[in-house]
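Presented below is the structure to which this report refers.
Residue numbers (my numbering): 9 to 849.
Printed below as a string of structure tokens:
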């Protein structure tokens with residue numbers, strides 16, 4: 009899906025601070041309302057990727073997005089902003105005439121990149137060579153008529169028919185339609201904006217699947233006649249209807265043999281037999297899944313001026329998201345002989361959160377001295393209620409979806425959780441003569457996710473800045489310098505992004521009974537001792553502007569340390585639980601450089617050219633972890649190394665006699681096991697950035713944005729879980745590869761075989777790491793604004809036609825589908841082209 013809400017979860021601010029990746033999401037603040045940006049995941053979340061809590065947002069209703077990262081800027085948001093804050097401000101009405109804006113566009117998208125796989129002829133040759141390599145016993149089984157069912161690709165299916173499964177399963181064209189309308193206006197006292205939108209997308213998969221979203225946005229601002237009271241209200245509402253398939257077909261499209269049949273002569277599904285991990289992919293099209301989501305995000309801000317320098321402010325917010333999901337699994341989707349009945353699964357979830365932030369602000373200026381003081385508190389309450397039930401044993405598939413028609417109803421789960429957050433904060437800011445700045449922030453945060461003795465913790469930050477371009481001696485010496493600022497900050501924040509009730513002994517109801525009564529079973533061990541995860545942030549930066557800010561440069565260095573790590577520590581199986589929530593003494597450090605260069609290359613009445621380039625060089629290290637070697641993370645992390653490392657076997661060569669891969673036996677015990685995974689490779693990003701250009705000539709404008717990433721990633725061949733030679737399609741490099749074929753061969757690739765053991769080691773070796781660097785043309789937009797004379801004739805205030813392209817091309821050495829989503833288990837980003845029209849009446 010396109011838009012800000014769909015891409016929100018891809019934003020990661022300044023690397024991985026925690027050993028838990030789910031704790032590294034930024035805080036989204038929408039018109040003053042804090043929103044958890046993590047996709048909603050639970051036992052009853054049937055959607056791929058979960059439910060987007062930001063789905064009420066319409067990209068066309070967004071006025072601005074601001075990213076806050078340093079300690080001083082994020083301190084006011086406390087522990088909620090420990091991983092950065094993204095401020096989203098929606099569009100508002102302005103004083104003046106009433107405007108009606110209409111925008112519509114339509115377009116299409118296709119998979120931007122596929123892999124070249126074996127043809128049927130090549131696949132069969134690969135399989136036969138593997139059986140020959142595996143010896144007489146394997147050939148005897150292959151040629152035994154009674155075993156033909158185990159080798160249908162060689163003994164039952166056509167040996168000449170060929171299907172390009174990527175084209176068949178991922179090759180459709182997604183259709184995109186979008187329409188927006190808004191009405192805005194107002195006067196000095198009251199302004200308003202009302203907007204609505206509709207968005208529809210289909211998929212690149214076969215079948216009739218799609219996604220629809222309708223949104224509504226309302227914003228109202230009123231100022232009292234005496235200018236003392238200001239009231240702002242904002243409402244964002246979205247309704248999604250998701251009828252997407254609960255599969256992405258990527259894995260099966262790459263691995264299904266090219267001669268596999270899907271239907272017989274009568275059009276019935278053909279089941280693929282013994283040796284194949286995936287069922288007939290078309291059976292999944294028979295499983296119907298729908299999800300309907302209603303999402304409300306609303307906020308209000310009330311400001312009253314008690315005295316000329318003293319204001320009372322209240323920020324209020326309410327968010328409510330309700331989701332109903334149904335998945336119908338008919339008999340026709342199940343293989344013959346399957347004992348499981350047809351079924352309908354129902355999942356409902358309601359998540360409601362309210363926020364109240366009363367504040368008192370005071371500002372005073374005197375003889376160049378300026379002071380502003382802010383004191384306030386935050387009250388946040390979030391509750392979720394979810395149910396998951398399943399009806400099974402329907403007499404007919406036509407009755408699926410009707411719970412009353414099920415022969416049995418299974419109560420799978422019912423959960424209710426509550427989270428409460430409270431904070432008291434204060435900030436004092438001082439500046440002299442708009443040159444020297446100091447900010448001091450202090451907070452006391454409380455969270456219901458900790459035990460009685462650890463609910464509250466104290467945090468704070470300090471920020472300083474010097475605008476040296478306002479100094480007289482600087483102006484005299486550096487005339488081209490129009491702006492110069494040095495700044496720095498240091499602060500601490502907490503992190504409570506963990507599950508609820510982990511400090512209590514919790515129990516869950518079970519479908520099992522004892523003497524006719526329902527029972528409760530322990531669902532997790534208690535640990536009332538764990539406390540806040542701590543983040544310490546430090547940053548130094550310089551901002552420069554030259555030639556009246558025609559050229560500007562910003563350079564930042566940051567150093568963040570996260571300690572008292574909150575993790576689900578794995579337990580041995582005899583403990584009865586998989587993990588227990590606990591603090592680890594591990595310390596994680598994130599540091600790096602960030603650069604932004606902007607320039608106005610051309611600035612004239614009829615033309616302009618603006619350029620912006622950004623570069624980030626991140627570094628991540630595990631500074632310390634006491635007794636790491638004896639912990640359950642011994643084969644995952646290494647002190648002094650990034651959290652994004654892989655600990656792998658070292659592949660040395662192919663044995664000329666056996667034709668199998670050989671690996672370094674680091675402990676010289678004659679056995680290759682997990683203790684030999686000593687080769688360390690970092691698959692994190694070494695650097696990344698983007699280049700943007702906006703060029704305008706008369707009524708034409710073109711904007712281009714390209715992103716670049718330097719990284720190493722898991723190799724694409726690791727997706728193919730079975731060894732080359734087994735019953736699974738493979739990349740097309742095999743026929744012409746430098747592989748072992750006879751005793752004495754010096755080769756780079758081992759022999760083709762059905763034996764999985766050595767291949768499993770290779771998949772976890774340094775052989776399975778590739779260069780995943782890439783340059784992607786992310787967006788290109790060409791627009792034409794109609795001349796004023798034309799607008800006057802058709803009675804329009806403004807009109808623009810545009811063409812927009814996404815992911816138009818990719819430059820990379822990576823041989824898989826998408827280096828940004830390595831692994832070949834997710835759909836690569838679509839290449840999308842849309843055309844539209846924007847009008848103002």
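C-beta: ideal position from N, C-alpha, C; glycine also.
Computed from a predicted structure; not experimentally measured.
Test item: CB-CB of residue i and residue j under 8 Å
i	j	result
residue 338	residue 405	yes
residue 607	residue 556	no
residue 846	residue 808	yes
residue 653	residue 680	no
residue 90	residue 503	yes
residue 158	residue 267	no
residue 112	residue 813	no
residue 535	residue 515	no
residue 264	residue 738	no
residue 134	residue 732	yes
residue 358	residue 388	no
residue 574	residue 591	yes
residue 545	residue 78	yes
residue 231	residue 238	yes
residue 303	residue 335	no
residue 468	residue 380	no
Buried or exposed (CB count within 10 angstroms, at least 16 for buried), residue i
i	result
residue 82	buried
residue 174	buried
residue 306	buried
residue 39	buried
residue 415	exposed
residue 55	Only weak support is given to the placement of residue 55: the predicted model assigns it a pLDDT of 43, under 50, and the question is left unresolved by the model.
residue 836	buried
residue 915	Outside the shown range of the chain, which is 9 to 849, sits residue 915, and nothing can be said about it.
residue 626	buried
residue 315	exposed
residue 541	buried
DSSP three-state assignment for residue i, whether helix, strand or coil
i	result
residue 629	strand
residue 453	strand
residue 511	coil
residue 709	strand
residue 174	helix
residue 163	helix
residue 70	strand
residue 181	coil
residue 305	strand
residue 217	coil
residue 766	helix
residue 530	strand
residue 22	coil
residue 503	strand
residue 799	helix
residue 341	helix
residue 55	Confidence at residue 55 is low in this model, with a pLDDT of 43, below 50, so its placement is unreliable and the value that follows should be read with caution. If DSSP states are grouped into helix, strand and coil, residue 55 belongs with coil.
residue 153	helix
Whole-angstrom C-beta distance between residue j and residue i, which should lie under 8 Å
i	j	result
residue 325	residue 41	3 Å
residue 496	residue 475	Actually they do not touch by this definition, with Cβ atoms about 13 Å apart.
residue 768	residue 656	Actually they do not touch by this definition, with Cβ atoms about 13 Å apart.
residue 123	residue 825	6 Å
residue 649	residue 668	About 30 Å; that fails the 8 Å criterion.
residue 470	residue 434	Residue 470 to residue 434, Cβ: 13 Å. No contact.
residue 142	residue 635	Residue 142 to residue 635, Cβ: 45 Å. No contact.
residue 252	residue 211	6 Å
residue 651	residue 628	6 Å
residue 443	residue 479	7 Å
Minimum Cβ-Cβ distance from residue i to chain B less than 8 Å
i	result
residue 301	The displayed structure is made up of one protein chain only, and chain B is not part of it.
Residue i Cβ short of 7 Å to the ligand NAD heavy atom set
i	result
residue 649	No copy of the ligand NAD occurs in the structure displayed, which carries no ligand at all.
Sufficient close CB pairs (3 or more, under 8 Å) joining the region 295–309 to the region 268–280: no
Touch test, the region 90–98 against the region 65–74, Cβ-Cβ under 8 Å, three pairs minimum: As far as the Cβ criterion goes, the region 90–98 touches the region 65–74, which means the pair count is three or higher.
The region 452–468 / the region 419–438 touching (three or more Cβ pairs under 8 Å): yes
At least three beta-carbon pairs within less than 8 Å, the region 657–666 to the region 751–761: yes
Inter-stretch contact (C-beta, 8 Å, three-pair minimum) for the region 567–582 and the region 480–490: no
Segment contact, 8 Å Cβ cut-off, at least three pairs: the region 392–405 with the region 343–360: yes
Contact between the region 100–117 and the region 181–199 (3+ Cβ pairs under 8 Å): By the Cβ test, the region 100–117 is in contact with the region 181–199, since at least three Cβ pairs between them sit closer than 8 Å.
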